[in-house]
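Q: Which chain is which? The protein sequence lines are G and H, in order. Count along the first sequence from 1, add 289, and you get the number used in our numbering. Count along the second sequence from 1, add 136, and you get the number used in our numbering. We put the CB at the ideal spot given by N, CA and C, even for glycine. Pasting in a structure now, in C-alpha cells, and then I'll have a few things to ask.
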Amino acid sequence: NAGVTQTPKFQVLKTGQSMTLQCAQDMNHNSMYWYRQDPGMGLRLIYYSASEGTTDKGEVPNGYNVSRLNKREFSLRLESAAPSQTSVYFCASSGTGRAEAFFGQGTRLTVV
Amino acid sequence: DQQVKQNSPSLSVQEGRISILNCDYTNSMFDYFLWYKKYPAEGPTFLISISSIKDKNEDGRFTVFLNKSAKHLSLHIVPSQPGDSAVYFCAAIVNAGNMLTFGGGTRLMVKP
C-alpha cells in the first residue's frame, strides 16, 4: 500500500542550484498535484495535472516547472532555487470525480 | 486573498472534552468541503467531508457542520483524545475533480 511516494524526503540547496522532486502514485489516479506548505499559509497549489499529458498552473507557479511523465509520475523542477522556495512540498493525487486527495509524506526543502 | 480561512492558529482542549475547529470561506461556488489531519513529518490525511447540499455529516467521534448562509463550517471532535493532537486543515472545492483550496490550519493540542 504505497499510495503516493515522494523523493527525496529532505534536501538542502544553494541559491541558484536546480533540482527535481519526484512523485509517483500507484492508485491509478488521473489527477496529480504539487502543493507547498508554509507556516500560517496552509497548503498552496503550485501546479496540477488533470490527466496524463496535461498540466496547469495553480496559485503559486512562479519559479517552478512540472512534467507529467506518465499516469503514475508527476515531477516538480526548480530551475534556479531561491531562499523563498524554502518550504515543505507535498505531492497528491485524486481519482476522477473525487474530491478527496491522497498526499505523500512531503519533501522538506531548504535553500540557503 | 484567502478564500478559505481558519482564524484560530491553535486550540488546546482537555482529554474527554469537545474540540471545535472553525473554518470560514468566501467563494460561494464551493460545493464540497473537507477536513484533513496532519501529524508532524507526515502528509495530510483525509478525515471527513460534507457536500453543500447537507448541513451535517457524522463519522464516529467526528462531525462536520456546514452553515451555507454564513459561509462557515466547523469540525467537532467528541470526546477528544491525546492522539487527536495534530494540525487540522479545512479545504474546499468547486466540483469534485478540481483542485482543493486549503485554509491555514489549526493546531489542536489535547491534554491528558
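1) Which residues in the same chain as H:V149 place their Cβ atom closer than 6 angstroms to its Cβ, once the five residues preceding and following it in sequence are excluded?
2) Use the C-beta contact count for H:S185: other C-beta atoms within 10 angstroms, 16 or more gives buried, fewer gives exposed.
3) Grab the span of the beta strand (DSSP E) containing G:V301 for me, first residue to last.
4) Nearest chain G C-beta to H:F201 closer than 8 angstroms, yes or no?
5) Whose Cβ in chain G lies nearer than 8 angstroms to the Cβ of H:Y168?
6) Identify which residue in H:Y168, H:T199, H:N193 and H:Y161 has its Cα closest to the Cα of H:H212.
7) Just the C-alpha distance for G:T344 and H:V230, rounded to the nearest angstrom, thanks.
8) Do G:T396 and G:L334 have their beta-carbon atoms positioned less than 8 angstroms apart in this structure?
9) Tell me where the beta strand (DSSP E) around H:K173 begins and ends.
10) Any chance the region 379-396 of chain G sits against the region 138-152 of chain H, with 3 or more Cβ pairs inside 8 angstroms?
11) Have a look at G:R361 and G:A291 and give me their C-alpha separation to the nearest angstrom.
12) At 3 residues or longer, and completely inside the region 180-227 of chain H: list those beta strand (DSSP E) runs for me, N to C.
13) The beta strand (DSSP E) spanning G:V355 covers which residue range?
14) Bridge partners for H:I229 per DSSP, in chain order?
15) Taking 8 angstroms as the threshold, find out whether the region 373-382 of chain G comes into contact with the region 316-327 of chain G through three or more Cβ pairs.
16) In whole angstroms, what is the alpha-carbon distance linking G:S307 and G:S364?
17) Below 8 angstroms CB to CB, which residues in the same chain sit around H:K207 once its five sequence neighbours on both sides are set aside?
A: A quick look at the data gives this:
1) S155, S216 and V246
2) buried
3) F299 to L302
4) no
5) A388
6) H:T199
7) 18 angstroms
8) no
9) Y168 to K174
10) no
11) 12 angstroms
12) 181-187, 192-195, 198-203 and 208-213
13) Y353 to R357
14) H:Y168
15) yes
16) 13 angstroms
17) D160, Y161, T162 and S164
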